[in-house]
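Asker: Each residue of the sequence shown is one higher than the one before, counting from 549 in the numbering used here. Dumping the structure here so I can ask a few things about it.
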Amino acid sequence: MPAQASLCFEQSPALIAFRTAAGDANRLLNTLLVAVETLHGGVTPVRPADLAVPWSLPTTNQEWLDTRNFALRGTMVVLVDALDRYLKILSRIPGLTAPDLDDRLNGRKAAGEDHRPTLPERVASLGSHYKDAVHPSYVLAVSLLVAWRNRFVHLEHRANLSRTERQQLLQHADFLKDEFAGVVIADVIARFDAGAPPTLVDLSTLLTATHRLVRDIDAHLLHLQGGKDYALALMRYLLQSSPDPVATLETIFFNGGSRAAGRVLALFLENGANHSPNRTASAPWLSRKQLDNVLGLSRNKAAALFAIQRPKTGPGQ
549 MPAQASLCFE QSPALIAFRT AAGDANRLLN TLLVAVETLH GGVTPVRPAD LAVPWSLPTT
609 NQEWLDTRNF ALRGTMVVLV DALDRYLKIL SRIPGLTAPD LDDRLNGRKA AGEDHRPTLP
669 ERVASLGSHY KDAVHPSYVL AVSLLVAWRN RFVHLEHRAN LSRTERQQLL QHADFLKDEF
729 AGVVIADVIA RFDAGAPPTL VDLSTLLTAT HRLVRDIDAH LLHLQGGKDY ALALMRYLLQ
789 SSPDPVATLE TIFFNGGSRA AGRVLALFLE NGANHSPNRT ASAPWLSRKQ LDNVLGLSRN
849 KAAALFAIQR PKTGPGQ
């Protein structure tokens, strides 16, 4: 990347949203499990002041296990939902993914299909379209995560892995063992088959594999972009996904010129851009001068470019 580049896009808003949700879920899971173990150890409980219903400590090992499993279930739900949202946001940034993937990424049934694509099928389609962007074991880990979520959370006992998915996961056993602190994927699958809850190691493995899948796909998609085109696509997405696109446009482009570009810059820095000197060489980038030229727009020009209808307030407005 040329030395004069001042703005580099190294992650998409989709990746930021996923990392926030998945990271928070993992942090809160750890907090809840520490709290459960602490209470189980005999520490005097402290009731929240606003707890308005009767409560008592669990009295049996099963009740303690149920409490622990509740935290695991919540984490799996958040992780799967975060991945679903990641795919949808990808499709809403113009040009970031191929247009013929839009229905698939959003879970819409295509003509001639007998069902809406499942989350693993949507992830597999993305991985298949952008070959070699992500390790296949990460795609397979999503299949195991979702099947386990469906069994453990939704009690869909027939949720399962296909024979092919099982065989392929086992074929990647050495890779997974090296990448995930010695995990034995055959044992993980055996616990799934037995209807057991995931262990913390199981869940950590699936969470990390999902995170790596999202990270690698995101990097690949961004590296296919040009700086100017991606800046325009990102601005369009941020405007159209805001709670009030008109008000957001007015705030950003009120003054036009370099001041408008400065507000765009601040917004981009919150949504995957950075000024770090250790930037990824192949990530899309813009100099500040280029940013001023591309997005130093008046309100009217920005509204026309991004197809946002501003209200008419008087002559010349």
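A virtual CB, placed ideally from N, CA and C, is assigned to each residue, including glycine.
#1: With a floor of 4 residues, list each alpha helix (DSSP H) that falls wholly inside the segment 670-747, ordered by position along the chain.
#2: Can you tell me which of the three DSSP states A821 falls into?
#3: For H702, count the other beta carbons within 10 Å of its own beta carbon; 16 or more makes it buried, fewer makes it exposed. Which is it?
#4: Taking its Cβ as the centre, do 16 or more other Cβ atoms sit within 10 Å of E585, making it buried, or is it exposed?
#5: Taking the alpha-carbon of D777 as reference, which of A767, H823, P593 and P832 has the nearest alpha-carbon?
#6: How many whole angstroms separate the CB atoms of S673 and L693, which I take to be in contact at a CB cut-off of 8 Å?
#7: What does the Cβ neighbour count give for L613, buried or exposed, with the cut at 16 atoms within 10 Å?
#8: Alpha carbon to alpha carbon, how far is V626 from R711?
#9: Mind checking who F557 pairs with in its DSSP beta bridge?
#10: How about A808 and L843: are their beta carbons less than 8 Å apart?
#11: Going by beta-carbon coordinates alone, are R760 and I737 separated by less than 8 Å?
#12: Could you give the C-beta distance for V731 and T753, rounded to a whole number, given that I count them as a contact under 8 Å?
#13: State the Cα-Cα distance for the pair R652 and G589, rounded to the nearest angstrom.
#14: Excluding sequence positions up to five away, which residues of its chain have a Cβ less than 7 Å from the Cβ of T645?
#15: Can you grab the Cα-Cα spacing for the pair L845 / K725, in whole Å?
#16: With 16 as the cutoff for other CB atoms within 10 Å, does V690 come out buried or exposed?
#17: Mapping the DSSP letters down to three states, classify L845 as helix, strand or coil.
#18: Just the C-alpha distance for R858 and I641, rounded to the nearest angstrom, thanks.
#19: Can you give the Cα-Cα distance for P746 and D735, rounded to whole angstroms?
#20: Report buried or exposed for R784, applying the criterion of at least 16 other Cβ atoms within 10 angstroms of its Cβ.
#21: I'd like to confirm the pairing. Which residues does DSSP put opposite L834 in its beta bridges?
#22: Between N617 and the rest of its own chain, which residues show a CB-CB distance below 6 Å, the 5 nearest in sequence each way excluded?
#23: Taking Cβ to Cβ, would you say R670 is nearer than 8 Å to L717?
#24: Report the residue from L563, L580, K849 and F557 whose alpha carbon sits nearest the alpha carbon of D764.
#25: Looking only at its own chain, which residues have a Cβ that is under 8 Å from the Cβ of R847, when we skip the five neighbours before and after it?
#26: Below 6 Å CB to CB, which residues in the same chain sit around T666 once its five sequence neighbours on both sides are set aside?
Answerer: Taking the geometry as given:
#1: 684-700, 711-719, 721-727 and 733-741
#2: On the sequence shown, position 273 is the one that residue 821 refers to. Strand at A821.
#3: Counted from its first residue, the sequence shown places residue 702 at position 154. Exposed, since its Cβ has fewer than 16 Cβ neighbours within 10 Å.
#4: For the purposes of this step, residue 585 is taken as the residue at position 37 of the sequence shown. Classification of E585: exposed, given that the 10 Å Cβ count is below 16.
#5: Stepping through the sequence shown from its first residue, residue 777 is reached at position 229. Cα-wise, what sits closest to D777 is P832.
#6: Here residue 673 refers to the residue found at position 125 of the sequence shown. Here residue 693 refers to the residue found at position 145 of the sequence shown. A Cβ-Cβ separation of about 17 Å leaves S673 out of contact with L693 under the 8 Å criterion.
#7: Translated into positions along the sequence shown, residue 613 becomes position 65. So L613 ends up on the exposed side.
#8: The residue labelled residue 626 in the question sits at position 78 within the sequence shown. The residue labelled residue 711 in the question sits at position 163 within the sequence shown. Looking at the two C-alpha atoms, the distance is approximately 27 Å.
#9: On the sequence shown, residue 557 is found 9 positions in, with the first residue counted as 1. For F557, which the question treats as bridged, DSSP gives the partners A821.
#10: Counted from its first residue, the sequence shown places residue 808 at position 260. Counted from its first residue, the sequence shown places residue 843 at position 295. Cβ distance < 8 Å, so A808 and L843 count as in contact.
#11: If you number the sequence shown from 1, residue 760 lands on position 212. If you number the sequence shown from 1, residue 737 lands on position 189. In this structure, I737 does not lie closer than 8 Å to R760 by Cβ.
#12: On the sequence shown, residue 731 is found 183 positions in, with the first residue counted as 1. On the sequence shown, residue 753 is found 205 positions in, with the first residue counted as 1. So it is a contact: roughly 5 Å between Cβ atoms.
#13: Looking up residue 652 in the sequence shown gives position 104. Looking up residue 589 in the sequence shown gives position 41. Cα to Cα, R652 sits roughly 48 Å from G589.
#14: In the sequence shown, the residue the question calls residue 645 occupies position 97. Sequence-distant partners of T645 (beyond 5 residues in either direction) whose C-beta falls short of 7 Å from its own C-beta, in its chain, are L638, S639, L653 and L769.
#15: In the sequence shown, counting from the first residue as 1, residue 845 sits at position 297. In the sequence shown, counting from the first residue as 1, residue 725 sits at position 177. If I take the Cα positions, the gap works out to 52 Å.
#16: In the sequence shown, counting from the first residue as 1, residue 690 sits at position 142. Under this definition V690 is a buried residue.
#17: As a working mapping, residue 845 is identified with position 297 in the sequence shown. Three-state result, L845: coil.
#18: Numbered from 1 along the sequence shown, position 310 holds the residue referred to as residue 858. Numbered from 1 along the sequence shown, position 93 holds the residue referred to as residue 641. CA-to-CA, the gap between R858 and I641 works out to about 22 Å.
#19: As a working note, residue 746 is residue 198 in the sequence shown. As a working note, residue 735 is residue 187 in the sequence shown. In a straight line, the C-alpha of P746 is about 11 Å away from that of D735.
#20: Here the question's residue 784 lines up with position 236 in the sequence shown. It is buried - the Cβ of R784 has at least 16 other Cβ atoms within 10 Å.
#21: On the sequence shown, position 286 is the one that residue 834 refers to. Note: L834 sits in a beta bridge opposite L555.
#22: Residue 617 sits at position 69 when you count from the first residue of the sequence shown. Cβ neighbours of N617 beyond the five flanking positions: P745.
#23: Here residue 670 refers to the residue found at position 122 of the sequence shown. Here residue 717 refers to the residue found at position 169 of the sequence shown. No, the Cβ-Cβ distance between R670 and L717 is not below 8 Å.
#24: What you label residue 764 is simply residue 216 of the sequence shown in a count that begins at 1. Out of L563, L580, K849 and F557, L563 has the C-alpha closest to the C-alpha of D764.
#25: Within the sequence shown, the letter at position 299 stands for residue 847. Hits under 8 Å: L797, E798, F801, F802, G804 and R858.
#26: Numbered from its first residue, the sequence shown carries residue 666 at position 118. So no residue of the chain qualifies.
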